[in-house]
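I have placed the structure first, in the form of structure tokens, so that the comments after it can refer back to it.
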Amino acid sequence: MKFPVYLDYNATTPCDPRVVEAMVPYFSAHFGNAASRSHAYGWEAEEAVDFAREQVAKLIGSEPKEIVFTSGATEAINLAIKGVFETYSGKGNHIITVSTEHKAVLDTCKRIEKQGGEVTYLPVKNDGIIDLNDLEAAIKPETILIAVMFANNETGTLQPIREISAIAKKHGVLFFSDATQAVGKIPVNVLEDGIDLMSFSAHKIYGPKGVGALYVRRKNPRVRLTPQIDGGGHERGMRSGTLNVPGIVGFGKACELCMNEMEAESVKISQLRNKLESGVLGLEDVSVNGSAEHRLPNVSNISFGQADGNALMTGLNKTIAVSSGSACTSASPEPSHVLKALGLDDDRAHSSIRFSAGRFTTDEEIDYTIEHVLKTVKKLRETILL
Ligand SMILES: *Cc1c(COP(=O)(O)O)cnc(C)c1O
0 MKFPVYLDYN ATTPCDPRVV EAMVPYFSAH FGNAASRSHA YGWEAEEAVD FAREQVAKLI
60 GSEPKEIVFT SGATEAINLA IKGVFETYSG KGNHIITVST EHKAVLDTCK RIEKQGGEVT
120 YLPVKNDGII DLNDLEAAIK PETILIAVMF ANNETGTLQP IREISAIAKK HGVLFFSDAT
180 QAVGKIPVNV LEDGIDLMSF SAHKIYGPKG VGALYVRRKN PRVRLTPQID GGGHERGMRS
240 GTLNVPGIVG FGKACELCMN EMEAESVKIS QLRNKLESGV LGLEDVSVNG SAEHRLPNVS
300 NISFGQADGN ALMTGLNKTI AVSSGSACTS ASPEPSHVLK ALGLDDDRAH SSIRFSAGRF
360 TTDEEIDYTI EHVLKTVKKL RETILL
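Numbering that gives the first Met the number 0 puts the first residue of the sequence shown at 0, with every later residue one more than the last.
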């Protein structure tokens with residue numbers, strides 16, 4: 000076993016060795032600029048990008064032309080929301096999103112508000128799922144975009160995407176979904192799911208960091224976007240800048256592997272997750288956050304009552320790499336906005352741990368984790384009693 004045991008796959012994943020192998024030739028042997036139309040170096044690179052675009056499109060059921068490569072999901076999210084806001088300003092200025100979205104969505108919406116936009120932040124129920132009646136009630140004539148994530152990164156909770164897209168369609172509003180945690184883990188199909196714009200990222204699915212994509216629907220309806228990065232007109236003018244050819248090749252390979260292996264892999268990973276969960280739930284005053292039913296196969300977000308969050312993390316993180324329910328970006332850690340939105344108080348949010356398993360998680364690692372978590376929590380609770 001390699002220590003610390005990695006159970007933070009929702010933060011990032013290691014590159015699959017098959018992805019690295021596919022990328023290597025594009026660093027030096029085939030180093031061309033995909034936009035160089037006048038010689039073989041460029042053609043070679045362009046061909047590799049075209050092939051990757053097909054691999055990526057296939058995984059989400061889109062046309063290759065509907066894929067815009069970006070530097071990751073954060074950039075794709077910015078392009079989707081800001082691009083729609085600028086293009087459709089003649090129609091309206093209202094956007095609907097959810098309080099449990101990733102910061103990349105929430106902070107982009109805050110920027111929109113500073114620029115004269117209006118944003119409605121829908122609450123969620125205790126299980127992390129939105130109430131569709133709230134969504135429908137929030138729509139008004141000025142609404143131009145509904146932005147709801149496919150799967151939550153902290154809890155794995157899945158939103159009712161098809162119901163949401165049906166409501167958006169009925170009211171003639173565009174639907175953007177941040178599917179960074181869903182793509183590659185569960186079936187995602189932009190046509191069947193009725194999604195108009197969708198962000199996702201290579202490094203969450205065993206591809207390299209620094210590359211992602213925005214899906215932009217080209218018919219029924221044709222979505223128009225104001226570019227946020229201007230320059231050489233790459234990516235049909237929607238995202239200028241020399242393409243990250245090795246990164247894109249790796250992203251394509253990562254998507255192909257998910258396409259072929261997702262079905263069997265998700266069964267295996269959910270078994271490991273379930274084993275971990277039932278092992279830890281043997282403790283008293285322990286609860287799982289978010290919907291247990293509508294959830295990604297690899298995540299379990301667990302609150303440990305009567306245990307100080309800080310001490311819990313310190314006790315665990317030497318041998319198990321996990322994330323906590325606190326955002327440690329500032330000096331005084333803030334409780335997770337996602338867990339707060341589910342109704343957890345600050346203490347409960349702080350003493351929550353996100354376990355996220357993945358492709359390389361082993362049975363042995365799960366056994367170790369259960370044992371170590373049980374030991375650590377019991378020890379902490381004893382010291383509280385003293
Ligand atoms: C990781 C993540 C992002 C950000 O993706 P990057 O590619 O790292 O910019 C956005 N949304 C969700 C749900 C994520 O999990």
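All C-beta atoms, glycine included, are put in the ideal place defined by N, C-alpha and C. Fair warning: this is a prediction, and the values are worked out from it, not measured in the lab.
Residue i to residue j, Cα distance in whole Å?
| i | j | result |
| --- | --- | --- |
| glycine 91 | tyrosine 40 | 46 Å |
| tyrosine 25 | glutamate 62 | 24 Å |
| proline 207 | glutamate 260 | 18 Å |
| threonine 119 | leucine 295 | 26 Å |
| valine 279 | serine 299 | 11 Å |
| asparagine 77 | tyrosine 214 | 13 Å |
| arginine 380 | alanine 306 | 6 Å |
| tyrosine 367 | glycine 324 | 22 Å |
| lysine 64 | aspartate 344 | 46 Å |
| glutamate 135 | proline 159 | 13 Å |
| alanine 349 | threonine 156 | The residue asked about is misnamed: residue 349 is histidine in this sequence, not alanine. Near 19 Å, if we compare the C-alpha coordinates of threonine 156 and histidine 349. |
| alanine 181 | glutamate 141 | 30 Å |
| glycine 357 | alanine 165 | 32 Å |
| proline 186 | threonine 382 | 45 Å |
| proline 332 | arginine 221 | 43 Å |
| glycine 211 | serine 269 | 25 Å |
| isoleucine 319 | serine 355 | 11 Å |
| glutamate 117 | aspartate 49 | 38 Å |
| aspartate 362 | histidine 101 | 30 Å |
| lysine 57 | methionine 258 | 8 Å |
| alanine 28 | lysine 184 | 33 Å |
| alanine 310 | methionine 237 | 47 Å |
| lysine 124 | valine 18 | 39 Å |
| glycine 60 | arginine 217 | 13 Å |
| lysine 252 | glycine 231 | 26 Å |
| glycine 273 | alanine 201 | For the sequence presented, residue 273 should be read as asparagine rather than glycine. One C-alpha to the other measures close to 26 Å. |
| aspartate 229 | glycine 281 | 55 Å |
| isoleucine 66 | arginine 52 | 7 Å |
| serine 88 | glycine 209 | 30 Å |
Among all the DSSP beta bridges, which residues are the ones paired with residue i?
| i | result |
| --- | --- |
| methionine 237 | In DSSP, methionine 237 forms no bridge with anything. |
| proline 334 | Ser325 |
| serine 302 | Ser286, Ser351 |
| glycine 211 | Thr69, Ser200 |
| histidine 93 | Glu117, Thr142 |
| aspartate 7 | Ser355 |
| alanine 320 | Tyr5 |
| arginine 294 | Thr156 |
Taking buried to mean at least 16 other C-beta atoms within 10 Å of its own C-beta, is residue i buried or exposed?
| i | result |
| --- | --- |
| methionine 312 | buried |
| valine 266 | exposed |
| threonine 69 | buried |
| serine 198 | buried |
| alanine 150 | buried |
| serine 277 | exposed |
| proline 334 | buried |
| leucine 224 | buried |
| phenylalanine 2 | exposed |
| arginine 411 | Residue 411 is absent from the structure shown; the chain starts at 0 and stops at 385. |
| glutamine 54 | buried |
| alanine 291 | exposed |
| histidine 38 | exposed |
| glutamate 153 | buried |
| arginine 161 | exposed |
| asparagine 297 | buried |
| methionine 22 | buried |
| asparagine 288 | buried |
| methionine 148 | buried |
| arginine 36 | exposed |
| alanine 235 | The sequence given here has arginine at residue 235, not alanine. Arginine 235 comes out exposed. |
| proline 122 | exposed |
| leucine 256 | buried |
By alpha-carbon positions, which one of the options ends up nearest to residue i?
| i | options | result |
| --- | --- | --- |
| asparagine 316 | Leu213, Gly82, Asp106, His371 | His371 |
| alanine 79 | Pro245, Gly193, Ile145 | Ile145 |
| alanine 137 | Glu112, Ser27, Asn152, Val172 | Val172 |
| phenylalanine 303 | His293, Pro220, Lys377, Ala340 | Lys377 |
| aspartate 284 | Arg52, Leu373, Thr86 | Leu373 |
| isoleucine 352 | Gly281, Arg238, Ser286 | Ser286 |
| cysteine 108 | Gly82, Asn132, Asp133, Val4 | Gly82 |
| asparagine 32 | Asn188, Asn152, Asn243 | Asn243 |
| glycine 127 | Ser98, Leu105, Asp229 | Ser98 |
| threonine 179 | Thr361, Ala167, Glu191, Asn9 | Asn9 |
| aspartate 15 | Ile204, Lys139, Ser27 | Ile204 |
| alanine 414 | Gly89, Glu364, Thr241, Glu264 | Outside the displayed span of the chain (0 to 385) sits residue 414, for which this structure offers no information. |
| asparagine 132 | Ile163, Lys113, Ile111 | Ile163 |
| serine 239 | Ile369, Phe250, Ile129, Gln227 | Gln227 |
| glutamate 264 | Val4, Phe30, Phe359 | Phe359 |
| leucine 275 | Ile369, Asn219, Lys339, Gly249 | Ile369 |
Unbroken stretches of the beta strand (DSSP E), 3 residues or longer, contained in the segment 127-197: 142-146, 173-177
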